[in-house]
Each structure stands twice: as C-alpha cells, then as structure tokens.
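S.K.:
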Amino acid sequence: MLDDRPAQGSILYLDGVTVSFDGFKALNELSLIVAPGEMRTVIGPNGAGKTTMMDVITGKTRPDKGDVLFDGSVDLTRLDEAQIANLGIGRKFQKPTVFEMLTVAENLELALKCDRGTLATLFFMATSEQRDRVAAVLGTIGLRDRASLPAGRLSHGQKQWLEIGMLLMQDQRVLLLDEPVAGMTDAETEQTAELLLEIARDRSVVVVEHDMEFVRRLGARVTVLHEGSVLAEGPLETVQNDHRVIEVYLGR
Amino acid sequence: MGPVLSRLLAIDDRRFWLGFGAVGILLLAVVPSLNALPAGHALNVPDYAVTLLGKYLCYALLALSLDLVWGFAGVLSLGHGAFFALGGYAMGMYMMRSIGGRGVYGHATLPDFMVFLNWQELPWYWMGFDSFWFAAAMVVAVPAGLAFVVGWLAFRSRITGVYLSIITQAMTYALMLAFFRNEMGFGGNNGLTDFKELLGFDLSRPGVKLGLYTASAVMLGVAFLVCRFIVGSKLGRVLMAIRDAESRVRFLGYSATAVKLFAFVISAVLAGIAGALYVPQVGIINPSEFSPANSIEVAIWVAVGGRGTLLGPVLGAFAVNGAKTWLTGAAPELWLFALGGLFIVVTLLMPKGIVGLAAQARERLRGRPVPLIEEKRNA
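As they're listed, the protein sequences go chains U and A.
For the first sequence, the working numbering gives the first residue as 635, with consecutive numbering after it.
For the second sequence, the working numbering gives the first residue as 27, with consecutive numbering after it.
Right, here's the structure in full:
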C-alpha cells in the first residue's frame with residue numbers, strides 16, 4: 635500500500651472505495667485525494683454518496699473494499715470513530731448535534747484537544763491556557779455572551795457555529811463539514827463562509843454542500859459525486875459547464 | 027489528593043454542605059440519641075425503627091448507584107438487584123463461616139445447609155470467607171467483575187436502550203435461577219441465614235444494630251460524595267453527553283464504551299456494598315433478592331425521586347419504602363396497585379420526580395407551561 639505513489643503527500647486518500655447496503659451501492663469505486671491545507675467542496679444530488687463518504691472516512695461505516703488512508707499511510711478502515719477523531723479528523727454532522735443539556739462553554743470544553751482517557755477525564759482540570767482557548771473560540775464563533783447558556787437554547791444557526799467551534803477546539807488537521815449552512819439565513823451563511831475561509835488557512839477542510847451560492851463563495855476546488863463515484867472535479871466554473879454534470883442536475 | 031479534595035469542596039456551594047451536614051447530624055447524632063432514650067419515652071426511636079432506617083439507607087445507596095448509570099449515562103440497568111444480592115451473599119458467606127461450630131448440627135466448618143445436604147467438605151469458592159477482609163474484598167470484586175464482563179460485552183456491541191435493560195433483566199433472572207439450585211452451594215431457596223455475629227459483634231445486640239445503621243449512613247454519605255465528584259467532573263459531562271448523543275461523543279474522540287463501563291462498574295460496586303450492609307441488618311439473604319421485579323422497583327425509586335439528581339433517588343428510596351412499610355401493614359393487598367399507580371403518576375406528571383416538584387411549581391407560578399414529558403433526543 636505504501637508504494638502507491640498518489641497516497642504520498644496527501645492528507646486524505648480514497649481509492650476504489652465501495653460500500654453497498656443491501657445490494658445498493660452507496661459508494662462505487664470512489665477515488666478522491668485531498669492535499670494538506672486544501673479546501674474542497676463536494677456537491678452532488680441526493681443519494682450521490684456524500685454522507686456515506688464521510689461515514690467511511692470517520693469510521694462509522696466500513697467499506698466493502700478500497701483504501702482509505704490518512705496522512706498518506708494510516709489505514710482508517712481499521713480504526714473506530716474515537717481513534718480516528720484522536721488522529722486528527724473532525725466531523726460536523728448535517729443535523730447540528732450539540733449536547734443540549736450542557737452549556738455552550740461545556741460543549742467546547744468536551745471537544746478540547748487533550749488526553750481523552752477515562753481517568754484523565756475524571757480528574758481533568760482546565761489550565762488557564764485551556765480556558766483562554768475556550769474563550770478565544772467563543773469569540774471566533776460569536777457566542778461569547780452565550781457561554782453559560784444550555785446549548786439547547788441556541789438558535790439553529792448558533793448551534794451550527796457551536797459545532798464548528800467544537801471542531802476548532804479539537805484542533806484537527808482535517809475537518810469534514812456536512813452541509814454547514816443548511817437552514818441558515820443569508821446573513822448567517824455569509825458569516826459562516828468567512829469563518830470557514832479563516833479556519834481553512836491552517837488545515838484541510840472538506841465541505842459537503844447543496845447551496846451553490848455558498849460553494850461559489852468558498853471558491854474552492856469542487857468534486858461532483860454521482861451514484862457513488864466522482865463525476866467531475868475542478869474549479870466551480872469548469873464543473874458547472876461540464877455536460878455530464880448538467881445532465882445529472884437538470885437532465886432527468 | 028489535594029486538588030481532588032479542593033475540587034470536591036468547590037463543586038457545590040455552601041448550601042449543599044449545610045444540607046449535607048444537617049442530614050449527617052440528623053442520621054449520626056439525633057437518631058442514635060433518641061434511640062438511647064428509655065423505652066416508653068415519647069421521643070424514643072425504638073431499636074426496630076433503627077434497623078428499618080438502616081435498611082432504607084441501604085436501599086437509598088442502591089438507588090443512588092442506579093442513578094449514576096441511568097440518570098447520567100442513560101444506561102437503564104434493570105439488573106442492579108443482582109449486584110446488590112451478590113454483595114449480600116458475599117457478606118452472608120462470611121457470617122455463615124463465622125457461625126463455626128455453633129450451628130444446629132455443630133459442624134466446625136460446614137454451614138448447616140451443607141451438613142443437611144450431606145456435603146463432606148467446603149466447596150472451593152467458600153474458602154477464604156472465614157476472613158472478613160476477604161469477604162469485604164469479594165463484596166466489591168464480584169459485582170465489579172460481573173458488571174465489567176456484562177458491560178464490556180454490551181457496550182462494545184453498542185447495545186443501548188431497551189435492549190440493554192432486557193439483557194440486565196436476563197442477567198439477574200439467570201442468577202436467581204442458579205442460586206435457587208441447592209447444587210450451587212449457596213443454600214438453595216432458603217439462602218443464608220441464622221447469622222450470629224459480624225467481626226465478633228453479636229448481631230442480636232441493639233448496640234450492634236445501631237452500629238450497622240451508622241455504617242450504612244456513613245457509607246451512603248461517602249457514596250454520595252463519590253457520585254457527586256464523578257458527575258461534577260468533566261467525565262460526568264461526558265456521561266451526560268453520551269446520554270444525549272452517544273455517537274457524537276465518539277466522534278469527539280472519547281471511547282463511549284470505556285466511559286460507560288467505568289460508570290457501570292462503580293455503580294455495581296456501590297450496589298454490592300449496599301447489599302453487604304443490608305444482609306446483616308435483615309438477617310437473611312436468599313435468591314428472591316435476584317428477582318427481576320426487585321430491580322425494576324429500584325428504577326421506580328429513582329424515577330419517583332428524580333433521576334439524574336443524586337439526591338432524588340435517595341429521597342425516592344425513603345419515600346417509596348416508607349409508603350411500602352406503612353401500606354403493607356395497613357392494607358397489604360393494595361400495595362402493588364399503589365406502586366403501579368405511583369409509577370404512572372410520576373411518569374406523567376412529575377418527570378423530574380420529587381426533586382423537580384419545586385422547580386415545576388415555580389415555573390407554574392410564573393405561568394410558563396411546563397413540558398410534561400421530556401423531549402427525547404437521539405443522535
């Protein structure tokens with residue numbers, strides 16, 4: 635596997651990944667390479683396999699076949715969700731899932747990058763540095779005045795930001811974001827785009843999105859998925875003029 | 027230990043420590059003083075009442091242990107009676123061994139029921155139980171071991187919710203059937219009884235009964251602080267996060283399996299200690315303690331008191347068992363109807379139990395509608 639040249643130097647490397655559920659191929663020989671520090675948007679019609687792809691990368695779903703490598707060499711198909719998260723891959727779900735009973739600050743504290751062993755967690759005490767980190771992220775996601783509010787009381791958009799904030803706390807090398815602006819107002823979408831562009835400056839970000847305006851705003855390389863494999867890849871303008879892409883989106 | 031202690035003290039405000047101290051004084055000073063008053067005095071707390079309170083304290087400890095896993099991690103164990111009974115059996119075995127030659131058949135080492143069954147020698151698993159400290163270690167180790175194995179198998183296979191409850195019911199039911207068999211060597215359906223002494227203290231003496239009551243009260247207090255420390259820590263917040271959205275916790279990099287297993291084992295140990303304190307006070311342990319219905323009743327105490335509050339289950343255990351003692355004396359045929367009715371009323375009208383009543387009343391006074399049934403969240 636290590637002699638696979640393309641895997642070298644990549645942060646995420648998927649090759650020939652197939653996942654089928656009861657005969658339905660959610661992913662069909664999917665291949666995708668993300669470079670370190672790259673921002674990538676993934677688009678595609680419903681059922682194209684976008685969420686399944688994230689499930690495979692984060693260990694939620696095991697592929698039937700294919701290679702999934704992190705950092706050019708770590709085989710992700712052998713690890714579970716927690717191990718993959720500790721390697722440096724963070725994920726934001728389509729539906730915002732914050733811990734509603736806990737406060738905003740506590741949500742961030744749980745995501746904080748540190749020893750996540752059971753006993754270490756039991757005797758955990760935040761250092762002033764870690765408290766500063768929580769405060770800094772609270773500022774970045776604009777929830778400083780909501781810090782001690784239960785996360786369940788936040789608006790939909792605020793929950794999405796809190797979840798992005800939790801990814802920042804984890805200090806991951808790769809962020810996978812599943813429809814981060816779903817259900818947001820235009821103003822919130824704009825703020826989120828700015829936030830993501832800032833975040834992407836020092837890590838790799840993969841964004842799955844339906845909102846084409848948002849994709850355009852991110853200005854990143856676009857991968858189009860269709861029926862579980864890559865249909866087209868390139869800058870948004872090129873992809874949008876690709877006749878196969880037009881057919882998939884409009885032709886049926 | 028310094029930082030741990032300071033954090034334990036800092037978890038709660040002054041009001042908590044005042045309340046904790048007041049209850050401690052009530053249980054450890056007022057009750058024994060009133061017990062010391064001459065019989066017939068208007069304020070005298072009779073010996074039987076002390077033992078009854080001691081029993082309630084053990085039930086409260088059992089309810090507290092269930093709250094740690096159910097109330098905070100969302101793991102509804104309906105087999106906690108098994109951990110309680112195993113702790114009780116371990117203590118019972120020690121007390122059987124300490125009867126020595128004073129049994130009905132006068133055998134130096136074999137308990138009466140073994141002589142009766144024509145057994146010639148002590149089974150290997152009764153070895154060591156002549157030592158109190160060995161038995162005390164087993165009180166902790168056996169429930170912990172069982173919880174570890176069952177919990178590890180269930181949690182790593184991601185068995186949650188009602189399936190986990192059913193597995194724990196099956197666990198306690200299987201143990202009940204096993205302990206009913208004479209061949210198991212635990213006294214069959216009669217269980218273990220006719221205890222004479224504990225650590226050399228004559229169990230029939232009122233002073234010893236007061237001592238057992240005191241030990242139960244102290245243990246409940248210690249367990250309360252341990253649970254308080256756990257749920258007040260970051261691990262406690264991870265437990266609550268698992269309760270609300272388990273898969274999300276995994277994606278944050280925590281092993282939900284390990285965290286739940288930790289809580290489950292601690293909880294089983296507390297339940298085992300409760301059983302070990304309970305048995306010398308009631309004087310008998312038999313397989314009916316493993317009955318699935320017993321474990322379900324514990325869940326009712328927790329629900330009545332208010333789950334996820336630690337204090338609630340303690341109050342719930344006292345309230346429900348107090349009512350049980352009173353009603354089974356006054357109108358025994360009504361007790362099960364009352365218990366069933368109570369569970370329905372609590373589920374429908376008091377989602378946060380006794381502890382939540384004050385907050386519910388406050389909200390109502392403010393005219394805000396109170397959601398009667400807590401919203402379910404799934405990851």
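All residues carry an ideal CB built from backbone N, CA and C; glycine is no exception.
At 8 Å on the CB atoms, spell out the chain U contacts of A/M266, in chain order.
M.R.: F733, M735 and L736
S.K.: Would A/Y280 pass as an interface residue toward chain U - the criterion being a Cβ-Cβ separation below 8 Å?
M.R.: yes
S.K.: For A/R274 and chain U, any beta-carbon pair shorter than 8 Å?
M.R.: yes
S.K.: Are the C-beta atoms of U/A739 and some chain A residue less than 8 Å apart?
M.R.: no
S.K.: Can you give me the Cβ contacts of A/V330 inside the same chain, cut-off strictly under 7 Å, excluding the 5 residues immediately before and after it?
M.R.: The answer, listed in chain order, is G342, A345, V346, L368, V372, G379 and I380.
S.K.: Tell me the rounded alpha-carbon separation between U/V651 and U/L744.
M.R.: 32 Å
S.K.: At the 8 Å Cβ level, is U/L777 part of the contact set with chain A, yes or no?
M.R.: no
S.K.: Can a CB atom of chain U be found closer than 8 Å to the CB of A/V295?
M.R.: no
S.K.: Verify the CB distance criterion: does U/E743 have a CB-CB separation below 8 Å to chain A?
M.R.: yes
S.K.: Going by alpha carbons, who is nearest to A/R207 out of A/F227, A/V244 and A/F139?
M.R.: A/F139
S.K.: What separation, rounded to the nearest whole angstrom, lies between the Cα atoms of A/E400 and U/A669?
M.R.: In this predicted model, A/E400 has a pLDDT of only 46, less than 50, meaning its place in the structure is not dependable enough to derive any value.
S.K.: Just list the residues that DSSP pairs U/F757 with in beta bridges.
M.R.: DSSP, once it has assigned bridges, lists no residue as partnering U/F757.
S.K.: Going straight from the alpha carbon of A/A116 to that of U/D812, what length do you get?
M.R.: Computed Cα separation, rounded: 53 Å.
S.K.: Could you work out which residues of chain U lie near A/R388, taking near to mean beta carbons separated by less than 7 Å?
M.R.: Result: empty, since nearest Cβ-Cβ is about 17 Å, beyond 7 Å.
S.K.: With 16 other CB atoms within 10 Å as the buried threshold, where does U/G671 fall?
M.R.: exposed
S.K.: Take U/V849 and list the residues in its own chain whose beta-carbon comes closer than 7 Å to its own, dropping the five residues that flank it on each side.
M.R.: T675, I677, E843, V856 and L870
S.K.: Considering only the beta carbon of each residue, do U/A770 and U/A739 sit closer than 8 Å?
M.R.: no
S.K.: Which residues in chain U have a C-beta closer than 7 Å to the C-beta of A/F277? List them in chain order.
M.R.: Here the neighbours are T692, E715, A719 and R725.
S.K.: My output table needs one value for U/F727: the three-state DSSP class, helix, strand or coil.
M.R.: coil
S.K.: In angstroms with no decimal places, state the Cα-to-Cα distance between A/V141 and A/N215.
M.R.: 16 Å
S.K.: Hey, is A/R333's beta-carbon within less than 8 Å of any beta-carbon in chain U?
M.R.: no
S.K.: In the DSSP assignment, the beta strand (DSSP E) including U/M673 goes from what residue to what residue?
M.R.: M673 to I677
S.K.: Using a beta-carbon distance cut-off of less than 7 Å, what residues from the stretch 753-768 of chain U approach chain A?
M.R.: Of all residues in the stretch 753-768 of chain U, T755, L756, F757, F758 and M759 have a Cβ within less than 7 Å of some Cβ in chain A.
S.K.: Does the CB of U/R696 have a neighbour CB from chain A at under 8 Å?
M.R.: no
S.K.: Return the chain-ordered list of same chain residues with a C-beta closer than 6 Å to the C-beta of A/A405, the five sequence neighbours on each side being excluded.
M.R.: Below a pLDDT of 50, predicted positions are generally treated as unreliable, and A/A405, at 35, falls in that range; the measurement from the model is reported next regardless. Answer for A/A405: A271, E272, S273 and R274, listed in chain order.
S.K.: Taking only beta-carbon positions, decide if U/Q792 is within less than 8 Å of chain A.
M.R.: no
S.K.: Is it a yes or a no for the stretch 291-298 of chain A touching the stretch 159-175 of chain A, going by three-plus beta-carbon pairs under 8 Å?
M.R.: yes
S.K.: If you drop the 5 nearest sequence neighbours on each side, which residues of the same chain put their C-beta closer than 7 Å to that of A/G217?
M.R.: I310, I311, N312 and P313
S.K.: One question on the structure: do A/F277 and U/A834 come within less than 8 Å of each other, judged by their Cβ atoms?
M.R.: no
S.K.: Please list the partners that A/K260 has in chain U, where partner means a Cβ-to-Cβ separation under 8 Å.
M.R.: E743, L744, T755, L756 and F758
S.K.: Are any of the Cβ atoms in chain U nearer than 8 Å to that of A/I380?
M.R.: no
S.K.: Just how far apart, CA to CA, sit A/V396 and A/V95?
M.R.: At A/V396 the pLDDT is 49, less than 50, meaning the model places this residue with poor confidence; the figure from the coordinates comes in the next sentence. Cα-Cα distance, rounded: 26 Å.
S.K.: Quick one: is U/Q608 buried, meaning 16 or more other Cβ sit within 10 Å of its Cβ, or exposed?
M.R.: This structure cannot settle anything about residue 608 of chain U, because the visible part of chain U is limited to 635 through 886.
S.K.: Can you check which of these residues, U/D845, U/R851 and U/L777, is closest to U/P679 by C-alpha distance?
M.R.: U/D845
S.K.: Whole angstroms are fine: how far does the CA of A/Y120 sit from the CA of A/F155?
M.R.: Computed Cα separation, rounded: 5 Å.
S.K.: Give the C-beta separation of U/K684 and U/P730 to the nearest angstrom, bearing in mind that I take them to be a contact with Cβ-Cβ under 8 Å.
M.R.: Contact flag wrong, Cβ pair sits at about 17 Å.
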